[in-house]
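In what follows, a structure is listed as structure tokens, so that the remarks can point back to it.
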Amino acid sequence: INAEYGGNSLVFFEGNGYGLSQDLGDAGSCMEDFQLMPFMQCSASDVCRHGVRTDKSFWLAANQGTDFMSKPMNNIDEILPHISRCRVCMGTKFIVTRHSFKNLAPECPEDFSQVWSGYSYVMVTSSSTSGGGQDLSSAGSCLENFFLPTFIECLGRGTCSYYINNL
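Per this note's numbering, residue 6 is the first one in the sequence shown, and the count goes up by one each step.
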């Protein structure tokens with residue numbers, strides 16, 4: 006297996022009320038450079054804006070201990086330790102992910118060997134009406150470790166925080 010690049014784990018983003026989910030099993034969810042808002046909105050009149058106040062991005066959280074009473078973070082050096090890191094690798098094997106919907110990990114199919122066991126991760130929702138899910142056949146839907154909150158939310162106004170509705 007060859008390591009292609011490393012980055013930060015993007016789960017979901019929302020702009021102008023529309024959301025887009027990133028499959029944690031695909032390379033597109035591993036952003037090489039962290040940006041609070043890794044996207045831009047363009048209108049039909051060709052006016053583009055970056056970091057509109059209502060924009061949001063959701064990143065897989067690192068196990069940093071959470072204080073829901075703390076102020077939102079606005080310094081990159083303070084934010085980065087809370088963002089899960091990722092690595093995009095290239096290999097030669099086909100990966101299959103199975104979910105038991107029980108508290109025990111299912112067995113691998115015949116002629117497959119276990120890569121890891123973990124916890125089923127299905128979806129993320131925003132405070133608005135949008136949300137997104139993980140493809141349950143993707144390796145990104147099987148998190149090796151589980152803790153709450155699962156993600157950290159960044160806002161277009163330039164802050165990131167854990168919010169109580171992230172549970």
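Virtual Cβ for every residue (Gly too), placed ideally from N, Cα, C. Predicted model, so just to flag it, every value in this text is computed and none were measured.
What span of residues does the alpha helix (DSSP H) with Glu83 cover, start to end? Looking at the DSSP string, the run of the alpha helix (DSSP H) that includes Glu83 is 81 to 84.
Relative to the C-alpha of Cys165, which candidate in Cys94, Gly96, Ile88 has its C-alpha closest? The option with the nearest alpha carbon to Cys165 is Ile88.
Are the CB atoms of Cys159 and Tyr124 within a distance shorter than 9 Å? The answer is no: Cβ separation not under 9 Å.
Are there 16 or more other CB atoms within 10 angstroms of the CB of Glu112, so buried, or fewer, so exposed? Result: exposed.
Thinking just about the alpha-carbon of each residue, which of Asp60, Leu25, Asp28 is nearest to the one in Met42? Minimum Cα distance to Met42 is reached at Asp60.
For Gly24, which three-state DSSP category applies? Taken through DSSP and simplified to helix, strand or coil, Gly24 comes out as strand.
Can you check whether the CB of Gly24 is closer than 9 Å to the CB of Gln46? Remark: C-beta atoms of Gln46 and Gly24 do not approach each other more closely than 9 Å.
Close-in-space but distant-in-sequence residues of the same chain around Tyr168 (CB under 7 Å, 5 per side omitted): So the qualifying residues of the chain are Glu158.
Phe99 versus Tyr126 - alpha carbon distance: Approximately 20 Å, taken between the alpha carbons.
Is the segment 48 to 58 in contact with the segment 103 to 111, if contact means three or more CB pairs nearer than 8 Å? Because the criterion of three Cβ pairs below 8 Å is not met, the segment 48 to 58 and the segment 103 to 111 do not touch.
Short check: CB of Asn2 to CB of Leu85, under 9 Å? Outside the displayed span of the chain (6 to 172) sits residue 2, for which this structure offers no information.
Three-state secondary structure (DSSP) of Ala144: Helix at Ala144.
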